[in-house]
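What follows is a single structure, written as structure tokens, with notes after it.
Chains as they are written, first to last, in the numbering used here: chain B, 1 to 149; chain V, 1 to 149.
Next comes the structure, spelled out in structure tokens:
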């Protein structure tokens, strides 16, 4: 067992999960603030140089998990590790955000999809991308193709 | 505080951190196996459709943390949240791997950079990329530019 503590909290426009854009074609354009605890401020040194950050956080209002579930982007069930469902064995969330500016311990970002008050466990710089032509997106691409018909 | 348990373990060629390619231009081409625990097998349903996975894991052999450190890819110090250092407030690692094939609970992958026996906390499908022309990579790009001179 491994125990982690928040390094900060996300401030977002979303008070409940119904407000978060979901499903095929949902765009995550909302702005928010990642409020890092003052004791960790030195760890943010040089973060301004990166355009995008990986935020690792906790689905702290999710309860239990299901190994197979039907995501909002499809009408067919899929395995939890092939989906972004909040009901995971370890309720860890991951979001790539665009860093707009830093104001001390407050990181202003675009692309938040977590609830207001979400505990943040870690931040990492986004360093490289898989070229789009090399990416296969499984059931999600199939669900998109079906809705296009 | 949040407590997580392994959903499986990584089998990799690396017995110690000296063996892991690091620094500028290091390529992660090593193959390995993500051995998922049998109780979570149903969660892997449909994962074969995705070419790349995000693996969230624990630096279980890292001790303590430092908020500012000098990474192997530069000779200048940077904040821990602007780097991929193992010595993090929460020792969580993240690796994007290419899924080569699935054999029951064993996922054969390319691009492992974690030590053999590393506990895995979560798997997520890699769904989208930031276009390369939109990515700024801060001190890392600067360090690369200096070595090119």
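All C-beta atoms in this analysis are idealised placements derived from N, C-alpha and C, irrespective of residue type, glycine included.
(request) Can you pull the chain B residues whose beta carbon is under 7 angstroms from the beta carbon of residue 170 of chain V, in chain order? (result) Lying before the first or after the last residue shown, residue 170 of chain V is absent from chain V, which here runs from 1 to 149.
(message) In this structure, how does DSSP classify residue 125 of chain V when only helix, strand and coil are distinguished?
(response) strand
(message) Counting only Cβ pairs nearer than 9 angstroms, list the residues of chain V close to residue 57 of chain B.
(response) Residues of chain V passing the Cβ test: none, with the nearest at roughly 10 angstroms.
(request) Report the residue from B:20, B:82 and B:31 whose alpha carbon sits nearest the alpha carbon of residue 115 of chain B. (result) B:20
(message) Once the 5 residues before and after residue 72 of chain B are set aside, which same chain residues still bring their CB inside 7 angstroms of it?
(response) 22 and 23
(message) Using a Cβ-Cβ cutoff of less than 7 angstroms, which residues in the same chain neighbour residue 64 of chain V once the five nearest sequence positions on both sides are dropped?
(response) 87
(request) Indicate whether at least one CB of chain B lies closer than 8 angstroms to the CB of residue 100 of chain V. (result) no
(request) Given a cut-off of 8 angstroms, decide if residue 108 of chain B and residue 45 of chain V are closer than it, judged by their beta-carbon atoms. (result) no
(message) Quick check on residue 119 of chain V: does DSSP put it in helix, strand or coil?
(response) strand
(message) Considering only their Cβ atoms, is the gap separating residue 131 of chain B from residue 6 of chain B smaller than 8 angstroms?
(response) no
(message) Let me see if you follow: with CB-CB separation under 8 angstroms, is residue 115 of chain B close to chain V or not?
(response) no
(request) Starting from the beta carbon of residue 126 of chain V, find every residue of chain B whose beta carbon is closer than 9 angstroms, and list them in chain order. (result) 130, 135 and 137
(message) Along the chain, where does the alpha helix (DSSP H) containing residue 144 of chain V start, and where does it finish?
(response) 138-148
(request) Apply the 10 Å Cβ neighbour rule to residue 74 of chain B and answer buried if 16 or more other Cβ atoms are within range, or exposed otherwise. (result) buried
(request) List the endpoints of the continuous beta strand (DSSP E) containing residue 10 of chain V. (result) 8-11
(request) Give me the Cβ distance between residue 98 of chain V and residue 110 of chain V, rounded to the nearest whole Å; I'm assuming they're in contact under 8 angstroms. (result) 4 angstroms
(request) Check residue 34 of chain V in the structure and name its three-state DSSP category. (result) strand
(message) By the three-class DSSP mapping on this structure, what secondary structure does residue 53 of chain B have?
(response) strand
(message) So for residue 48 of chain V, helix, strand or coil by DSSP?
(response) helix
(request) Please decide whether residue 45 of chain B counts as near chain V, where near means a Cβ-Cβ distance under 8 angstroms. (result) yes
(message) Can you check whether the C-beta of residue 108 of chain V is within less than 8 angstroms of a C-beta belonging to chain B?
(response) no
(request) Scan the stretch 59-106 of chain V and note each continuous beta strand (DSSP E) run of 3 residues or more that stays entirely inside, going in chain order. (result) 92-103
(message) Taking the alpha-carbon of residue 42 of chain B as reference, which of V:133, V:83 and V:11 has the nearest alpha-carbon?
(response) V:83
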